[in-house]
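What follows is a single structure, written as structure tokens, with notes after it.
Protein chains in written order, with this note's numbering: chain A, 6 to 259; chain B, 514 to 867.
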């Protein structure tokens with residue numbers, strides 16, 4: 006089985022490499038310095054399993070995974086425990102907190118082998134039985150990590166959209182349209198995902214199908230009965246439902 | 514800016530009562546010593562004299578609000594008082610002789626009493642000036658006191674924050690992970706890194722008694738931190754520190770430079786892929802310690818290019834609390850190089866934390 010290590014610190018890669026030597030069935034095909042390199046290597050080698058750091062230059066671990074249509078099995082290796090919730094949402098095999106022991110590492114490998122043997126997608130519930138993981142999720146829930154940017158694929162190009170440049174998000178079937186002043190980009194995610202990931206002080210779900218960046222709003226006009234319409238700086242108009250209006254008023258302090 | 518005395522209700526009442534007392538006293542004196550013209554003249558004279566003097570005192574108080582002379586120039590205040598009293602004498606003389614002309618002997622009485630009126634006027638303006646100066650001194654003292662307290666509080670918070678947020682999850686665990694990796698392959702280097710990390714941690718913990726340090730000490734401490742980062746990131750991190758014998762002896766509030774370099778590393782090293790050069794330059798500019806920290810950054814991926822993060826904001830705030838100035842930290846973006854400049858005044862250590 007082919008394995009890839011993606012981490013920006015050489016020593017962090019070398020410890021994984023060292024621990025991997027006891028598992029000859031796993032063949033290390035490449036080490037990558039950052040998310041961009043990782044992306045290329047995954048497309049080239051199609052590994053079954055990757056060891057992935059989260060905080061990396063260019064694009065981080067989560068952003069890299071989001072760009073893949075068929076992501077391999079992932080074991081996160083990171084020093085940040087505030088990302089644990091998001092990590093498990095991506096159906097990761099495991100979450101190794103640096104520094105980790107050989108025993109802990111071997112356990113992750115076992116989990117992976119079990120999961121790949123059963124051929125079923127890993128259910129996060131199966132791993133939350135461990136006390137360690139429970140603790141991890143508890144600390145993480147106290148400091149949810151918000152995204153400052155969204156990474157999208159635009160043809161073969163990768164585009165990084167800073168959160169403040171987003172005008173609004175619009176639901177479009179299985180995709181979400183991310184509207185910016187340079188046009189819109191599509192991302193294969195749900196509205197609920199973005200509602201959780203974006204900073205709630207700046208992004209408000211104004212409607213079932215819309216999330217709006219409140220810094221872009223110039224005014225909110227009444228529209229038909231019970232509903233409103235928000236006018237943005239660019240002149241774009243975004244529907245605001247009755248519940249959405251209440252949420253907007255709360256965030257804007259009206 | 515200090516509050517003017519009139520913004521306080523109690524002061525306003527006391528001030529008005531004082532003037533009413535002075536007014537009634539003046540009227541009684543005029544009635545007693547005057548030429549026996551009756552109440553009417555005494556009241557008119559007293560009212561005009563007091564009212565004009567009151568009006569003249571307002572600009573005096575206002576001047577003192579914006580310009581309190583230093584101790585050795587207190588004589589200036591006296592000159593202002595003399596000037597105001599002189600003008601007041603002229604104006605009241607003109608007004609009174611115009612209104613009370615028809616009373617026989619009044620003009621003579623007015624001329625005769627000029628010296629006495631002058632001295633009383635000078636006494637009163639002097640009192641007003643004195644009270645105002647004391648008031649603003651007191652206000653300034655209170656403000657300084659508050660600023661000093663805030664400064665102490667903030668440096669404590671910064672220290673706590675550093676320990677909690679910046680070092681623990683991120684720097685500390687990653688360093689430990691590096692040590693873990695070194696133990697297997699290069700035990701000597703692992704040992705060295707444990708030493709460096711301990712020295713660095715100890716340095717952060719004991720920084721409480723001595724609040725100002727020389728640049729040499731701060732750079733030594735910084736060196737430990739940079740060495741650890743160099744082990745973590747291999748040859749990717751290069752540093753260039755330029756400081757001469759003179760600047761080495763200059764002083765700065767402790768833990769001030771380090772957050773700036775951390776910020777530089779965060780954007781320069783964690784967020785770029787190639788080799789990263791962090792350049793720290795110290796120079797002496799008219800008895801100010803000038804520190805320049807340069808780092809490359811990736812304009813494409815660094816979202817907070819306007820910015821800062823906790824590091825620079827806290828430095829800016831600390832500089833304000835220490836020196837009462839907002840212009841001591843400047844950042845520049847130039848051709849993918851981010852520059853942070855801080856200026857630390859040397860002679861002025863009035864607000865030095867104990």
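Every residue, glycine too, gets a C-beta built ideally from N, C-alpha and C. No experiment lies behind these values; they were computed from the predicted model shown.
The alpha-carbon separation between residue 638 of chain B and residue 555 of chain B amounts to approximately 22 angstroms. In the three-state reduction of the DSSP assignment, residue 725 of chain B falls in the strand class, which pools E and B.
When the five nearest sequence neighbours on each side are left out, the beta carbons in the same chain lying within less than 6 angstroms of the beta carbon of residue 620 of chain B are those of 610, in order along the chain. For the options A:104, A:106 and A:110, the alpha carbon positioned closest to that of residue 98 of chain A is the one of A:110. In the displayed model, residue 840 of chain B falls within coil according to three-state DSSP, outside both helix and strand. Using beta-carbon distances, residue 194 of chain A does not count as an interface residue toward chain B, since no partner is under 9 angstroms. The Cβ atoms of residue 231 of chain A and residue 247 of chain A sit closer than 9 angstroms to each other. Taken through DSSP and simplified to helix, strand or coil, residue 516 of chain B comes out as coil.
Of all alpha-carbon atoms in B:642, B:853, B:757 and B:658, the one lying nearest the alpha-carbon of residue 580 of chain B is that of B:642. With a contact defined as Cβ atoms closer than 8 angstroms, residue 39 of chain A and residue 61 of chain A qualify at about 5 angstroms. Contacts with chain A (Cβ-Cβ distance below 8 angstroms) from the stretch 732-749 of chain B involve 744, 745, 746 and 747, listed in chain order.
Taking a Cβ-Cβ cut-off of 9 angstroms, residue 113 of chain A has no neighbours in chain B, whose nearest Cβ is about 15 angstroms from it.
A straight line joining the alpha-carbon of residue 71 of chain A with that of residue 730 of chain B spans about 46 angstroms. Nearest in C-alpha terms to residue 796 of chain B, of all of B:857, B:552 and B:847, is B:857. Rounded to whole angstroms, the gap between the alpha carbons of residue 570 of chain B and residue 519 of chain B is 13 angstroms.
By the Cβ-count criterion, residue 760 of chain B is buried, with 16 or more other Cβ atoms from all chains shown falling within 10 Å of its own Cβ.
Only 19, 20, 23, 38 and 39 from the stretch 18-42 of chain A bring a Cβ to less than 7 angstroms from some Cβ of chain B. Those residues of the stretch 691-708 of chain B placed with their C-beta closer than 8 angstroms to a C-beta in chain A are 691, 692, 693, 694, 695, 697 and 698, ordered along the chain.
Secondary structure at residue 255 of chain A: helix, using DSSP grouped into helix, strand and coil. For residue 174 of chain A, no CB of chain B lies under 9 angstroms from its own CB, so it is not counted at the interface with that chain. Linking residue 224 of chain A to residue 653 of chain B through their CA atoms gives a straight-line distance of about 44 angstroms. In this structure, the straight-line span from the alpha carbon of residue 836 of chain B to that of residue 706 of chain B is close to 38 angstroms. Residues of chain A whose Cβ lies closer than 7 angstroms to the Cβ of residue 567 of chain B do not exist, since the nearest Cβ in that chain is about 46 angstroms away.
Leaving aside the five residues that flank residue 623 of chain B on each side, the residues in its chain whose CB is nearer than 7 angstroms to its CB run, in chain order, 606, 609 and 610. The continuous alpha helix (DSSP H) containing residue 772 of chain B extends over residues 770-781. For residue 75 of chain A, the closest alpha carbon among the candidates A:59, A:49 and A:252 is that of A:49. Secondary structure note for residue 184 of chain A: its beta strand (DSSP E) is the uninterrupted segment 180-185.
Contact of residue 85 of chain A with chain B is assigned, a C-beta pair being separated by under 9 angstroms. The alpha carbon of residue 26 of chain A has as its nearest neighbour, out of B:697, B:732 and B:528, the alpha carbon of B:697. The beta carbon of residue 14 of chain A sits closer than 9 angstroms to some beta carbon of chain B. The criterion of a C-beta distance shorter than 9 angstroms is not satisfied by residue 44 of chain A and residue 80 of chain A.
In this structure the stretch 527-537 of chain B does not touch the stretch 592-601 of chain B; the number of beta carbon pairs closer than 8 angstroms is below three.
Put simply, the CB of residue 605 of chain B is far from chain A, with every gap to its CB atoms at 9 angstroms or more. Straight across, the Cα-Cα distance linking residue 655 of chain B with residue 632 of chain B is about 35 angstroms. Chain B has no Cβ within less than 9 angstroms of the Cβ of residue 205 of chain A.
The stretch 514-597 of chain B contains, as complete alpha helix (DSSP H) runs of 4+ residues, the segments 522-546 and 552-579 (chain order).
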